[in-house]
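Positions 83 to 400 (this note's numbering) are the ones given, in order, by the sequence shown.
All C-beta atoms, glycine included, are put in the ideal place defined by N, C-alpha and C.
All values derive from a computational prediction rather than experimental measurement.
The next block holds one structure in the form of structure tokens; read it before the comments.
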Amino acid sequence: MHRRDFIKTTALTGLAAATTSHTDLMAAHHKSKRKFTLAFYGGSLGIQANQKQAIKLASRFGFESVEAQSGYLANLSQGEADELIGWMKQKNIDWGSSRLPIDFRKDRAKFEADLSELPKRAAGLKRARVSLVNTWIRPYSDDLTYNQNFKQHTRRLWEVARILQDHDLRLGFEYVGTTTLLIRAKYPFLHTLAETQELVTAIGTSNVGYVIDSWHWWQAGDSAEAIHKIDPATITLVDLNDAPKGVEKQQQMDTVRELPMATGVIDLKPFLEALVKIGYTGPVRAEPFNQPLRDLDDDAAAKVTINALKKAVALVGG
């Protein structure tokens with residue numbers, strides 16, 4: 083990856099608003115009420131790291147959980163998985179969630195090909211004692227009306243959920259609320275928490291739920307009160323992001339975001355307070371789609387991100 087010192091310096095200056103002092107972070111930690119973990123997901127930060135590299139980076143910079151890579155874990159024996167878990171415990175790192183390795187958004191042939199590999203991936207996750215899986219719902223279609231798309235999602239994700247359920251895995255769906263994406267194609271689709279709840283109900287298995295992203299929560303006009311009504315056990319991942327200044331809310335671009343607390347455009351306090359109130363215990367990651375962050379070397383990107391996450395959770399006691 084192309085790295086340049088002057089880019090690093092510029093980026094760190096631009097990201098400095100998302101950091102806070104070590105003393106402040108430690109003071110906040112002692113009065114923390116949260117049960118969720120601060121999670122390292124390298125791909126969200128522009129960091130290419132295999133499973134063991136990700137665990138090392140997470141431990142080095144003070145993250146508390148790490149993304150589970152199903153492709154790697156599927157090839158481990160039970161003994162190897164147990165050894166990995168023991169090593170993670172020594173480093174005080176828990177599992178976050180694992181990305182669903184299936185493209186259910188395209189044609190049936192692609193979906194079935196991916197689905198045929200899912201039992202192996204799911205078995206690997208279970209051996210490693212991973213319990214959470216995440217995916218996202220595309221909020222538009224060129225070909226399917228809302229009702230047609232809803233029915234297709236219900237059928238396909240029911241098939242996925244049944245396999246995951248057989249391996250004690252929960253699946254969360256991230257709704258994408260970005261306004262500019264809703265006009266990208268002919269037919270808009272599910273893009274709010276309420277609509278996601280309708281999909282969860284339609285699928286009907288006991289292991290499906292939600293991924294909640296502060297960006298999409300804000301874009302969709304959802305509220306903290308809506309989060310209060312969610313069973314925390316149904317949330318498999320939370321994304322924490324901020325938005326650029328100087329851009330109207332309905333003109334914001336989905337792939338141009340900021341680290342949490344970088345600008346204050348998104349009011350994260352009620353969002354985080356809601357997670358604390360319901361007792362959410364899963365992973366919270368940053369997913370900023372931020373080019374200056376991606377231009378940093380891996381250590382610098384990890385450090386800036388954990389500082390941003392800790393500054394955010396200081397709003398609710400650290």
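Taken in chain order, the whole alpha helix (DSSP H) runs of length 4 or more contained in the region 305-338 are 306-310. In the DSSP assignment, L264 falls outside any beta strand (DSSP E), carrying neither H nor E.
Taken atom to atom, the span from the alpha-carbon of A302 to that of L354 is near 17 Å. Non-local beta-carbon contacts of D185 in its own chain, meaning distances under 8 Å to residues more than five positions away in sequence, involve K192, F193 and D196 in chain order. Look at the beta carbons and you see the region 200-220 touching the region 141-157: at least three pairs across the two are nearer than 8 Å. For the pair of segments examined, the region 278-287 was found not to touch the region 322-339: the number of CB pairs separated by less than 8 Å stays below three. For L158, same chain residues with a beta-carbon under 8 Å away, outside a window of 5 residues either side, are L166, G206, R209 and A210 in chain order.
Within its own chain, the residues whose Cβ lies closer than 7 Å to the Cβ of M335, once the five positions on either side in sequence are excluded, are T262, listed in chain order.
Here A121 really is in contact with S147; their C-beta atoms are around 4 Å apart, less than 8 Å. In the three-state DSSP reduction, S147 falls in the strand class (E or B). Closest option to A315, judged by alpha-carbon separation, among D379, I294, G328 and V347: I294. A direct Cα-Cα distance of roughly 13 Å separates P326 from W300. Within the DSSP secondary-structure output, W177 pairs in a beta bridge with V148. W169 is the residue among W169, D313 and T278 whose C-alpha sits nearest the C-alpha of K138. Shown here for R220: same chain residues with a beta carbon closer than 6 Å to its own, the five before and five after excluded, namely R187 in chain order.
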